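Chemist: Here you go, one structure.
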Amino acid sequence: MNVEEEVGRLREEITRLGQPQPDGSFKVKFGVLFNDDRCANIFEALVGTLRAAKKRKVVSFDGELLLQGVHDAVEITLLPPPAAASGS
1 MNVEEEVGRL REEITRLGQP QPDGSFKVKF GVLFNDDRCA NIFEALVGTL
51 RAAKKRKVVS FDGELLLQGV HDAVEITLLP PPAAASGS
C-alpha cells in the first residue's frame, strides 16, 4: 500500500470512529484510533500515516509526533474535503 492509499484508508477509519462536526470534519482521539483492532490490522505505522496526512492537510492535530499512552487524549481532526469546505 502506498502513502496515498494509506491516507485514504485513514480517512475512512477516522470517519468510522470519529464524531461528525457541524463543519463537515470528524474528530477522534488518538487513543481510540491507536487501540482499534481494525486500524491495527490496516496500518503498520499509524503515526507515520498520520504525519503524512497532516503534511497533506488531510488531518490536523497538536504536535508533530503522537505516542501511545502519552498522547491518547489528543484530538485528531479529519478536515472536510475542499469542495465541502467551500460550500459547493
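Going letter by letter, the sequence shown gives residues 1 to 88 in UniProt numbering.
Ideal placement from N, C-alpha and C gives every residue a C-beta, glycine not left out.
All values derive from a computational prediction rather than experimental measurement.
#1: Cα-Cα, which of Glu12, His71 and Pro81 is closest to lysine 57?
#2: Quick check on glutamate 64: does DSSP put it in helix, strand or coil?
#3: Which of helix, strand or coil does DSSP assign to proline 80?
#4: According to DSSP, what are the bridge partners of glutamine 19?
#5: Compare the C-alpha of asparagine 41 against each of Glu75, Gly24, His71 and Glu13 and name the closest.
#6: With a Cβ-Cβ cutoff of 8 angstroms, do valine 32 and leucine 50 count as a contact?
Modeler: Taking the geometry as given:
#1: Reading the sequence shown from its first residue, position 57 is the one you call residue 57. With distances taken between Cα atoms, lysine 57 lies closest to Pro81.
#2: For the purposes of this step, residue 64 is identified with residue 64 of the sequence shown, where counting begins at 1. Residue state, collapsed to three classes: coil.
#3: Indexing the sequence shown from 1 puts residue 80 at position 80. Three-state result, proline 80: coil.
#4: Along the sequence shown, read from residue 1 onward, the residue named residue 19 stands at position 19. In the DSSP output, where bridge partners are listed per residue, glutamine 19 has Lys27.
#5: In the sequence shown, residue 41 corresponds to position 41, counting from 1. Comparing Cα positions, the closest option is Glu13.
#6: The count along the sequence shown starts at 1 and reaches residue 32 at position 32. The count along the sequence shown starts at 1 and reaches residue 50 at position 50. Going by C-beta atoms, valine 32 is not nearer than 8 angstroms to leucine 50.
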